[in-house]
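2 protein chains.
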Amino acid sequence: VSRRFHIKDEIRILGIDDSALTGEKILIVGAFFRGGIWLDGVLSSYITRDGMDGTGTIISMVKASKHYPQVRVIMLDGITYGGFNPIDIRLLHGSTGIPVIVLMRKYPDLEMIAKAVTNLPHEKERMDIFKRAGDIMEVCTADPLNPVYIQCCGINFRDAARIVRSSSTRSNIPEPLRVAHLIATGIILGESRGKA
Amino acid sequence: VSRRFHIKDEIRILGIDDSALTGEKILIVGAFFRGGIWLDGVLSSYITRDGMDGTGTIISMVKASKHYPQVRVIMLDGITYGGFNPIDIRLLHGSTGIPVIVLMRKYPDLEMIAKAVTNLPHEKERMDIFKRAGDIMEVCTADPLNPVYIQCCGINFRDAARIVRSSSTRSNIPEPLRVAHLIATGIILGESRGKA
């Protein structure tokens, strides 16, 4: 059950994104932000392309961080990382005690996901993780013509939407995710590109 | 001869830092900033520990970037990267056409540097690069008890000091260098630490 909680403008958010698919091990980057403005720390780790180790790796990365006690929300860029490595947001929330918000630029095409997953091992487990991520809600940020979509765990939709809006200071997606994306692509490709 | 130029609050600055010495090849990271606030791009490359390839690598990285035409100032964190790999700021300025500001937290101990360099090949060339970096000036930013020191090329001290001050929005060092440091250490060590 998610509880309503006080949202400060300077709320600490950890945004996590992955890099381009250039090998078997995929770099993931955590950008630890104060509000939508200040980058206060960078975390990194590696997950297996199309593997099943994403959830465990992110949990370990978060719990090992010196910023762990301060992180009030974890933001994910979709629930698949490094190809089709699925992140179990209920397990991530349960293991860390931190609310999780999943952000998507488009309404996810579950049929297409189900089709792609049939070619991979652990098909049922992957689909269960997708289904457990729960309902999807539209959120309007600075650009009303480009809404984003969220799923969440450990926080209600209304609070989650407020946090997404208040941290989208530079574009229509939250700054911690925008910056995690710039870092991950900049390190792996030599120069950042594209959108989170 | 440096010319005086108009300094906008949103001046584009590329701050470059290196990572911890963990191997033969050292990651360097460029953080492309708009003013002292927004990270708009990330560059990365590798230089040789204690090598002589730092200047050439940084020149190539800058000139290959899509942000190259926009960069108004390059900021370096000292003039040795990856151990004692010296950056020739006159060559960097001459090859890119971009003014260079070198920032140091402490007044450099040239005697100690000269001593360290005697154990390395290219001793005379390294010392020449240090000497060519020119005069050192103290600059006070937000914290008057912790001044920083700068050298510059292609820009006069007064303009350089203004840019250093206006971009030091979060601490006593410019944001592009603070963030480049967080990224470089976060990627190589798994979590960012220390100060740029």
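If you read the protein sequences in the order shown, they are chains A and B. 1 is the number of the first residue of the first sequence in my numbering; add one for each residue after it. 1001 is the number of the first residue of the second sequence in my numbering; add one for each residue after it. Backbone N, C-alpha and C define an ideal beta-carbon position, used for all residues, glycine too. Computed from a prediction, not measured in an experiment: that's the story for all the values here.
For the candidate residues the options, whose alpha-carbon lies nearest to that of residue i?
i: ILE101 of chain A; options: A:ARG170, A:HIS122, A:GLY78; result: A:GLY78
i: ILE174 of chain A; options: A:THR185, A:THR141, A:PHE157; result: Residue 174 of chain A is actually Pro in this sequence, not Ile. Nearest option by C-alpha distance: A:THR141.
i: LEU1120 of chain B; options: B:VAL1042, B:ASN1146, B:GLY1051; result: B:GLY1051
i: ILE47 of chain A; options: A:ILE87, A:LYS131, A:SER95; result: A:ILE87
i: PHE84 of chain A; options: A:ILE59, A:HIS67, A:TYR107, A:MET112; result: A:MET112
i: PHE33 of chain A; options: A:ALA180, A:THR185, A:GLY194; result: A:ALA180
i: ILE1059 of chain B; options: B:HIS1067, B:TYR1107, B:ASP1143, B:THR1096; result: B:THR1096
Distance cutoff 8 Å, beta carbons only. Does residue i sit that close to anything in chain A?
i: VAL1062 of chain B; result: no
i: ARG1132 of chain B; result: no
i: ILE1059 of chain B; result: no
i: GLY1154 of chain B; result: no
i: SER1045 of chain B; result: yes
i: SER1019 of chain B; result: no
i: GLU1138 of chain B; result: no
i: GLY1041 of chain B; result: yes
i: GLU1191 of chain B; result: yes
i: ILE1026 of chain B; result: no
i: ILE1183 of chain B; result: yes
i: ARG1158 of chain B; result: no
Please classify residue i: is it buried, with 16 or more other beta-carbons within 10 angstroms of its beta-carbon, or exposed?
i: LEU1177 of chain B; result: buried
i: TYR1000 of chain B; result: There is no way to answer for residue 1000 of chain B, as the model of chain B reaches only from 1001 to 1196.
i: ASP18 of chain A; result: buried
i: ASP1159 of chain B; result: buried
i: GLU191 of chain A; result: buried
i: ASN1146 of chain B; result: exposed
i: SER1065 of chain B; result: buried
i: GLY194 of chain A; result: exposed
i: GLY30 of chain A; result: buried
Checking contacts by CB at 8 Å: is residue i closer than that to chain B?
i: LEU177 of chain A; result: no
i: GLY186 of chain A; result: yes
i: GLY36 of chain A; result: no
i: GLY23 of chain A; result: no
i: ILE13 of chain A; result: no
i: LYS66 of chain A; result: yes
i: SER2 of chain A; result: Note that SER2 of chain A has pLDDT 41, beneath the 50 cutoff, so the model's placement of it is unreliable and no number is given.
i: ARG170 of chain A; result: yes
i: ILE98 of chain A; result: no
Do residue j and residue i come within 8 Å of each other at the CB atom, strictly closer than that value?
i: ILE163 of chain A; j: VAL62 of chain A; result: no
i: MET104 of chain A; j: ILE13 of chain A; result: no
i: GLY35 of chain A; j: ILE11 of chain A; result: yes
i: LEU1021 of chain B; j: LEU182 of chain A; result: no
i: ILE187 of chain A; j: SER1168 of chain B; result: no
i: THR71 of chain A; j: ILE28 of chain A; result: The sequence given here has Val at residue 71 of chain A, not Thr. Contact flag unset, no.
i: ARG170 of chain A; j: VAL139 of chain A; result: no
*Just checking, does the stretch 143-153 of chain A make contact with the stretch 114-124 of chain A on the three C-beta pairs under 8 Å criterion?*
no
*Specify whether the stretch 1052-1059 of chain B and the stretch 1091-1099 of chain B touch according to this definition: at least 3 beta carbon pairs, one from each stretch, less than 8 Å apart.*
yes
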